[in-house]
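S.K.: Heads up, the sequence shown is in my numbering, so the first residue is 172 and it goes up one at a time. Where a beta carbon is used, it is the ideal one built from N, C-alpha and C, also for glycine. Remember, it's a predicted structure, so these values are computed and weren't measured experimentally.
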Amino acid sequence: MCNVFGCRAVVMAGSVMAAAGLLSSMFVTTLPVMYLTAGVITGVGFSFMYTPCIIMVGRYFKRRRALANGLGLSGSGVGTFAFPPVFQLLIDSFGWRGSLFIVAGVTLQGCIFGALLRPIYLKDDVEKRKIVISNGRQIPSRCHRPCLSLCRLLDLSLFKNPNFVVIIVSSMLVIFGNFILFVHLVAHARNVGTAAQEAAFLVSVVGIGEMVSRIAYGWLSDTGLFPRLRGYIVCDLGLGLCLFFLPFAQTYPSMVVCSLAIGLFGGSCASQTAVFLAEFCGVTRLASAVGIAYGIQGFAILFGPPIAGRLYDVTGNYTVSFYVAGSVVMISVLMVTSLEVHRTWTSQVLPQTSRTNGSLISTEDMESFDKEKDTEWTDSSEHFIIHESSV
């Protein structure tokens with residue numbers, strides 16, 4: 172949608188759709204219809220509001236992309252911390268129908284903020300291809316953005332990029348484990364004897380951790396003090412271990428510490444997904460990459476909590492549910508670790524120089540093709556020829 176209509180229009184349309192879904196939910200009297208209005212319509216509207224904002228950050232920023240992305244996503248941590256008590260106050264004061272009306276009005280303000288998303292057209296929005304003719308000369312050909320938008324509404328060629336596949340599957344597994352926690356954390360705390368208000372505050376603690384970690388990790392990632400992918404592996408591993416240890420936290424202080432750690436590690440992982448997609452797929456294909464990634468994550472959100480709930484029905488506690496969540500996150504750790512090992516091994520076994528068509532290409536030049544994703548060479552699946560005159 173962003174490729175065809177632009178991020179600004181999609182955000183504004185999503186704001187109207189989400190507000191319409193919330194308003195229509197005021198008049199619903201049956202649960203199946205509520206699934207449609209508050210679930211499908213409102214959910215699609217919010218996805219239209221959320222995804223283009225991630226794309227715009229990736230297009231506007233390069234050197235500080237991780238920090239910018241962390242700052243943008245830190246808003247969800249603020250919402251996780253602040254909105255539950257606000258919503259409870261609205262329900263106590265106006266009832267659930269009146270609360271939906273107020274929330275719909277707030278959601279409609281997304282039209283104003285969406286209108287502020289000024290479109291930016293990068294050099295790579297005009298794709299260049301070189302056609303080699305019989306005498307060896309190259310004729311550059313251009314395909315402009317409106318034409319590309321029609322054929323890349325869903326760019327399935329991204330699945331040819333193994334880096335992209337690993338990142339989206341890994342992020343889906345992380346979301347699977349994270350949402351099991353979000354949905355069942357309060358119920359788990361209640362099961363071990365925690366008061367209702369204290370149990371609800373644990374979700375706010377997770378939100379505080381996510382807010383801090385997304386900003387802090389984004390800044391650290393941009394400093395270059397450590398390889399970004401290795402930092403992601405460490406945070407992913409920390410999240411999985413915390414999910415394993417959560418069933419052993421039987422006192423309220425220990426649950427607060429564990430919830431804070433989960434927020435710190437989980438927020439760091441979530442804030443880097445779009446950054447990796449921009450690096451591995453290129454800024455020109457970021458809209459398609461983010462759309463596919465978040466679409467796949469939706470399946471984790473859809474199936475993760477019900478599976479954990481079913482395990483609770485069978486076992487009578489959430490221990491197995493959190494073990495499953497931690498195990499799934501550990502699979503994500505193994506996948507990203509294998510990707511990092513492969514990339515490191517490849518960079519070490521390749522010779523320092525490679526001879527292509529009679530010209531020498533240094534290892535530094537080869538690495539620059541992988542890093543400069545917002546230059547002419549953005550498509551990792553393209554095959555290109557470097558002649559002596561171009562080196």
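Who are the Cβ neighbours of I338 in its own chain at under 6 Å, not counting the five residues just before and after it?
M.R.: Here the set comprises F447.
S.K.: Could you tell me the alpha carbon to alpha carbon distance between V204 and L194, rounded to whole angstroms?
M.R.: For V204 and L194, the distance between alpha carbons rounds to 13 Å.
S.K.: Could you give the first and the last residue of the continuous alpha helix (DSSP H) run that contains V377?
M.R.: Segment 367 to 394, the alpha helix (DSSP H) holding V377.
S.K.: Classify T278 as buried or exposed, calling it buried when 16 or more other Cβ atoms lie within 10 Å of its own Cβ.
M.R.: Counting Cβ neighbours within 10 Å, T278 comes out buried, since at least 16 surround it.
S.K.: Alpha carbon to alpha carbon, what distance is there between C178 and G288?
M.R.: Here the sequence assigns Leu to residue 288, which means Gly is not the residue at that position. For L288 and C178, the distance between alpha carbons rounds to 7 Å.
S.K.: Between the alpha carbons of C440 and P424, how many angstroms are there, rounded?
M.R.: Roughly 25 Å separates the two Cα atoms.
S.K.: When the Cα atoms are used, what is the spatial distance from R526 to R514?
M.R.: The pLDDT assigned to R526 is 43, lower than 50, so where the model puts this residue is not dependable, and the model offers no usable value.
S.K.: Tell me, to the nearest whole angstrom, how far the beta carbon of N334 is from that of F451; I am working on the premise that it is less than 8 Å.
M.R.: The Cβ separation is near 4 Å, so the contact holds.
S.K.: Look up V499 in the DSSP assignment and say whether it is helix, strand or coil.
M.R.: V499: helix per DSSP, three-state reduction.
S.K.: For L431, which residues from the same chain have a beta carbon less than 8 Å from its beta carbon, with the 5 sequence-adjacent residues on both sides left out?
M.R.: Once the five neighbours on either side are set aside, the close Cβ partners of L431 are V376, V377, I379, G380.
S.K.: Mind checking whether T208 and G185 have CB atoms under 8 Å apart?
M.R.: No, these two residues do not count as a Cβ contact at 8 Å.
S.K.: Could you have a look at Y489 and say whether DSSP puts it in helix, strand or coil?
M.R.: Reduced to three states, the DSSP call for Y489 is coil.
S.K.: Using only alpha-carbon positions, find the residue among V336, T490, Q468, M188 that is nearest to M506.
M.R.: The shortest C-alpha separation from M506 is found at V336.
S.K.: For V495 and T508, I'd like the C-alpha separation in whole angstroms.
M.R.: Spanning the two alpha carbons is a distance of roughly 20 Å.
S.K.: Below 8 Å CB to CB, which residues in the same chain sit around F350 once its five sequence neighbours on both sides are set aside?
M.R.: Closer than 8 Å at Cβ, skipping near neighbours: A471, I472, G475, P476.
S.K.: Grab me the residues of Y465's own chain with a C-beta within less than 6 Å of its C-beta, minus the 5 sequence neighbours each way, in chain order.
M.R.: Here the set comprises T222.
S.K.: Helix, strand or coil for G402, going by three-state DSSP, please let me know.
M.R.: The answer is helix: DSSP assigns G402 an H, G or I state.
S.K.: Buried or exposed, going by whether 16 or more other CB atoms sit within 10 Å of the CB of N488?
M.R.: N488 comes out exposed.
S.K.: Do A479 and S492 have their C-beta atoms closer together than 8 Å?
M.R.: Yes.
S.K.: For the alpha helix (DSSP H) containing A420, name the first residue and the last one.
M.R.: Careful: A420 lies outside any alpha helix (DSSP H) and carries neither H nor E.
S.K.: Give me the Cα-Cα distance between T213 and A190, rounded to the nearest whole angstrom.
M.R.: Taking the straight line from one Cα to the other gives about 7 Å.
S.K.: Mind checking whether G402 and V500 have CB atoms under 8 Å apart?
M.R.: Not closer than 8 Å, so no.
S.K.: DSSP on D326, reduced to helix/strand/coil?
M.R.: Here D326 sits in coil by DSSP.
S.K.: Between G438 and S384, is the Cβ-Cβ spacing less than 8 Å?
M.R.: A contact, by the Cβ cut-off of 8 Å.
S.K.: Starting from the C-beta of L238, find all residues in its chain whose C-beta is less than 7 Å away, skip the five residues before and the five after it, and write them out in chain order.
M.R.: Once the five neighbours on either side are set aside, the close Cβ partners of L238 are G389, W390, D393.
S.K.: To the nearest angstrom, how far is it from the Cα of L510 to the Cα of M227?
M.R.: So the two alpha carbons sit approximately 27 Å from each other.
S.K.: Let me know if F265 comes out buried or exposed under the rule of 16 or more other beta-carbons within 10 Å of its beta-carbon.
M.R.: Under this definition F265 is an exposed residue.
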